[in-house]
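Chains as they are written, first to last, in our numbering: chain A, 26 to 381; chain B, 26 to 381. Notes for the one structure printed next.
Okay, structure coming up:
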């Protein structure tokens, strides 16, 4: 009970994923999970939203309910194509998601759009809300747009988005877009939860591409050059050629592939169908070679491990002897008497002697 | 001894900062640390480079030597101004660092330039090396440019850079630039090790700024709009006005300040002195209000804590019962029988019952 409280406090601070001991929920609550799940499966959007809110909750009392809901969702989840989308501000990410998403729902698919945004609360959300950003899509009956959870802590937001993804799949969505705003390590988190990672870039004024962060290109499975309309077309074609040559310098993936470069205009609705075709082709090849299933499994294991590590650090921080040693050593480090490395060695010696 | 080996293996994998038990180094090695330190203090660049290589080492046998070297450096470190510099590719970061650095060394300061770059080995390093990127600066006798460590793991690279910073200070450098390439959470890591964080941005073709990631703006203490030359000037002035208005929407810092927006041209060498003046002003105000010292202390404590947490997870992963449970649960998670959340609860129960 005490450690459950501890974890709950830490999780409320966004530090650890709550991993309290399993406490059977009251009968009434269990009924409501059953009810929620049945309605979610029946296509009730309100139930889906409430279910996502439940798994996002940091409250200790919600943990077992959330776990049960996810246990029920698991066997009927996993059937979607999960697409991560990243791109720096200015590349036209919202417009592209609106156009690509509209294409997808136009083909009778059901699409959920989730966002991983660890920005601090003070600037959370765009000036326009998610629905205004994607006006066409948000008006479509087959699309569901869920704003980013307000978890604050990065790993927390990513976990919440993973779990929201399972619930969307249980609710029958067959395509999931997970958008990252590119802060902190959100690209890496999103790459680790999707089947295909789409990088958006923009042909700039010079001979270089705008908005491609170093290290990002090799994470991309499919690349789209955006705003390829009007005067921009020639420039984009030159940039695409350069980009393709640059990609040749990167190692191919295990199936011998390199990211395809696609020219798209969201405004003129050009290249959108071809872009979706490239995403489907990538996923189909992975499925044919067993790589799709392998990646899904690996992602789930990594996710489990990360949850445990976060809980572990939380538990460590609650130990009284760790607290007092940390306090004493912090004072020495703060005053410059001891290097952080030396203090860390001494602090870690507690773990070593006591319980490792 | 066994856990020392374990930690050493983990650290070689870039997973944990090595925190092995202190093992007194052989006399001959200790002499060489003494010698290295004396030469480093005397301004020997070769000795500084070898010292940095030692603290970057993941070898268990180097850990105590590195700790001793840092212990000796600590009392004579901390005297520099530490400036973090970030900006997306295309904003002209290398050129700006070359120009700003040349201005700084021109004022008789000694400048060290370090880089935090967690990019994978396959694309590590720019096509041009660090010295070609900063041609003027690298030719100056008062400048020292150190390429990014090849640590691979992000936290590892950040720790190595922090320790390299202490050594540069002990070697007499009074200004340190820490550049981030903006991958993963490197901005956050760099913000946590400097006194002032400089964000570079570029006035784009439209009415929006290129290369400003969401969540980055509120981390900036000083902002520079780059390439403000020729035709670009008017556009940059408009963008600067917009940016200043946008900054008014963010909360001020505890001293009531908001990031200043500076127009600079590295090519025309314009605005560079004023930009440095803004950085000095920011740091001076912090020093006057005690915020400088407070931040340095807080950063050192966070650094210690992070080292311990990484070592802790490493030790956990070496426990046989954890390994076997992880293996069994991983299989269930991989096959989709169990949610990652449920498996994490079960795995964490081992820690709870055995040693928490």
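Using N, Cα and C, we set each Cβ at its ideal position, and we do this for glycine too. Please read all numbers here as calculations on a predicted model, not as lab measurements.
Please classify residue i: does DSSP put it in a helix, a strand, or coil?
{"i": "residue 374(B)", "result": "helix"}
{"i": "residue 157(A)", "result": "helix"}
{"i": "residue 317(B)", "result": "helix"}
{"i": "residue 292(B)", "result": "coil"}
{"i": "residue 194(A)", "result": "helix"}
{"i": "residue 249(A)", "result": "strand"}
{"i": "residue 201(A)", "result": "strand"}
{"i": "residue 163(B)", "result": "helix"}
{"i": "residue 108(A)", "result": "strand"}
{"i": "residue 140(A)", "result": "strand"}
{"i": "residue 286(A)", "result": "strand"}
{"i": "residue 170(A)", "result": "strand"}
{"i": "residue 271(B)", "result": "helix"}
{"i": "residue 280(B)", "result": "coil"}
{"i": "residue 226(A)", "result": "strand"}
{"i": "residue 369(A)", "result": "helix"}
At 9 angstroms on the CB atoms, spell out the chain A contacts of residue i, in chain order.
{"i": "residue 355(B)", "result": "322, 325, 326, 329 and 330"}
{"i": "residue 96(B)", "result": "363, 364, 366 and 367"}
Mind listing the chain B neighbours of residue i? Cutoff is C-beta to C-beta under 7 angstroms, in chain order.
{"i": "residue 66(A)", "result": "In chain order: nothing, as chain B lies at least about 17 angstroms away."}
{"i": "residue 334(A)", "result": "338"}
{"i": "residue 99(A)", "result": "361 and 364"}
{"i": "residue 289(A)", "result": "Going along chain B, no residue has its Cβ under 7 angstroms from residue 289(A), so there is no contact; the nearest lies around 18 angstroms."}
Please report the distance separating the alpha-carbon of residue i from that of residue j.
{"i": "residue 220(B)", "j": "residue 265(B)", "result": "24 angstroms"}
{"i": "residue 216(B)", "j": "residue 162(A)", "result": "37 angstroms"}
{"i": "residue 303(B)", "j": "residue 204(B)", "result": "18 angstroms"}
{"i": "residue 315(A)", "j": "residue 102(A)", "result": "18 angstroms"}
{"i": "residue 305(A)", "j": "residue 197(A)", "result": "19 angstroms"}
{"i": "residue 74(A)", "j": "residue 80(A)", "result": "10 angstroms"}
{"i": "residue 186(B)", "j": "residue 77(B)", "result": "9 angstroms"}
{"i": "residue 328(B)", "j": "residue 190(B)", "result": "13 angstroms"}
{"i": "residue 268(B)", "j": "residue 229(B)", "result": "13 angstroms"}
{"i": "residue 194(B)", "j": "residue 375(B)", "result": "45 angstroms"}
{"i": "residue 373(A)", "j": "residue 70(B)", "result": "34 angstroms"}
{"i": "residue 167(B)", "j": "residue 292(A)", "result": "52 angstroms"}
{"i": "residue 15(A)", "j": "residue 356(B)", "result": "The first residue shown for chain A is 26 and the last is 381, placing residue 15(A) beyond what the model contains."}
{"i": "residue 107(B)", "j": "residue 218(B)", "result": "8 angstroms"}
{"i": "residue 317(B)", "j": "residue 353(A)", "result": "22 angstroms"}
{"i": "residue 386(B)", "j": "residue 278(B)", "result": "Within the shown structure, residues of chain B are numbered from 26 to 381, placing residue 386(B) beyond reach of any answer."}
{"i": "residue 331(A)", "j": "residue 134(B)", "result": "44 angstroms"}
{"i": "residue 126(A)", "j": "residue 136(A)", "result": "7 angstroms"}
{"i": "residue 342(A)", "j": "residue 141(B)", "result": "28 angstroms"}
{"i": "residue 62(B)", "j": "residue 95(B)", "result": "9 angstroms"}
{"i": "residue 225(B)", "j": "residue 116(B)", "result": "7 angstroms"}
{"i": "residue 365(A)", "j": "residue 254(A)", "result": "54 angstroms"}
Using the rule of at least 16 other Cβ atoms within 10 Å of the residue's Cβ for burial, across every protein chain shown, is residue i buried or exposed?
{"i": "residue 87(B)", "result": "buried"}
{"i": "residue 273(A)", "result": "exposed"}
{"i": "residue 7(A)", "result": "Here chain A has residues from 26 to 381 only, and residue 7(A) is not among them."}
{"i": "residue 348(A)", "result": "exposed"}
{"i": "residue 212(B)", "result": "buried"}
{"i": "residue 362(B)", "result": "exposed"}
{"i": "residue 192(A)", "result": "buried"}
{"i": "residue 100(B)", "result": "exposed"}
{"i": "residue 114(A)", "result": "buried"}
{"i": "residue 157(A)", "result": "exposed"}
{"i": "residue 173(B)", "result": "buried"}
{"i": "residue 345(A)", "result": "exposed"}
{"i": "residue 297(B)", "result": "buried"}
{"i": "residue 256(A)", "result": "exposed"}
Report the option in the options whose CA atom is closest to the CA atom of residue i.
{"i": "residue 283(A)", "options": "245(A), 250(A), 317(A) and 315(A)", "result": "245(A)"}
{"i": "residue 109(B)", "options": "254(B), 223(B), 320(B) and 262(B)", "result": "223(B)"}
{"i": "residue 337(B)", "options": "360(A), 310(A), 328(A) and 370(A)", "result": "370(A)"}
{"i": "residue 368(B)", "options": "54(A), 92(A) and 192(A)", "result": "92(A)"}
{"i": "residue 130(B)", "options": "183(B), 140(B), 358(B) and 200(B)", "result": "200(B)"}
{"i": "residue 184(A)", "options": "167(A), 357(A), 317(A) and 139(A)", "result": "139(A)"}
{"i": "residue 281(B)", "options": "257(B), 307(B), 270(B) and 250(B)", "result": "307(B)"}
{"i": "residue 299(A)", "options": "89(A), 124(A), 164(A) and 72(A)", "result": "124(A)"}
{"i": "residue 275(B)", "options": "243(B), 252(B) and 256(B)", "result": "243(B)"}
{"i": "residue 351(A)", "options": "326(B), 214(B) and 339(B)", "result": "326(B)"}
For a contact meaning CB atoms closer than 7 angstroms, what does residue i contact in chain A?
{"i": "residue 173(B)", "result": "The premise fails here: residue 173(B) is roughly 11 angstroms from chain A at the closest Cβ pair, so nothing lies under 7 angstroms."}
{"i": "residue 376(B)", "result": "337 and 340"}
What does residue i touch in chain A if you count any residue whose Cβ is under 8 angstroms from its own?
{"i": "residue 92(B)", "result": "364, 366, 367 and 370"}
Return yes when at least one heavy atom of the ligand GDP lies under 8 angstroms from the C-beta of residue i, else no.
{"i": "residue 206(B)", "result": "This structure simply doesn't include the ligand GDP, nor any ligand for that matter."}
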